[in-house]
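Take a look at the structure below.
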Amino acid sequence: MSQEDRTAQAGPLTGYRVLDFGWVLAGALPGMVLADMGAEVMKVETRQRMDYMRLGRPIIGDKPDPEQHPLFHNVNRGKLSIALNTTKPEAIDLIKALVAHCDVVIENFSPGVMDRLGIGYDVISGIKPEIIMASISSNGQT
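To convert, take the position in the sequence shown, counting from 1, and add 5; that gives my numbering.
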């Protein structure tokens, strides 16, 4: 997204930064709303397990294309994005560096996934004590 696009989305959350690990609707919608209100939102994905919304019917043609699903583009509008191999220590180090510059982290993995990756709340709040973390699991946290 160009600098012009970001400034065109100025709103009450301009200046706030969000790391968005959300996928499918429950995880993507909070980031979408924050981006719509002016926050800088970066969607973090991995090629090993792409967002399921990428796997739907494409906009053009019949051939599946992970860049073509309209719902994926709708709920991820206004977001920056990065794809990382979260099995690599370098990727986790990069995530930790990004956390230091963010205000909010959103995730909706199964309970314990962020901890197993080494980026659970205890770790990220150690990097930035004032961080807000929203964990949205479809089946709760227990």
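Using N, Cα and C, we set each Cβ at its ideal position, and we do this for glycine too.
| Check | Outcome |
| --- | --- |
| Coarse secondary structure for E95, derived from DSSP in three states | helix |
| Reduced DSSP category for K48 - H, G, I as helix; E, B as strand; rest coil | strand |
| Reduced DSSP category for M42 - H, G, I as helix; E, B as strand; rest coil | coil |
| Option nearest W150 by Cα separation, candidates D67, M58, G20 | Past the edges of the chain, shown from 6 to 147, lies residue 150, and the structure says nothing about it. |
| Segments of 4+ residues assigned as alpha helix (DSSP H) that fall wholly inside the stretch 63–142 | 75–80, 94–104, 118–122, 126–132 |
| CB of V23 within 8 Å of CB of G36, strictly | yes |
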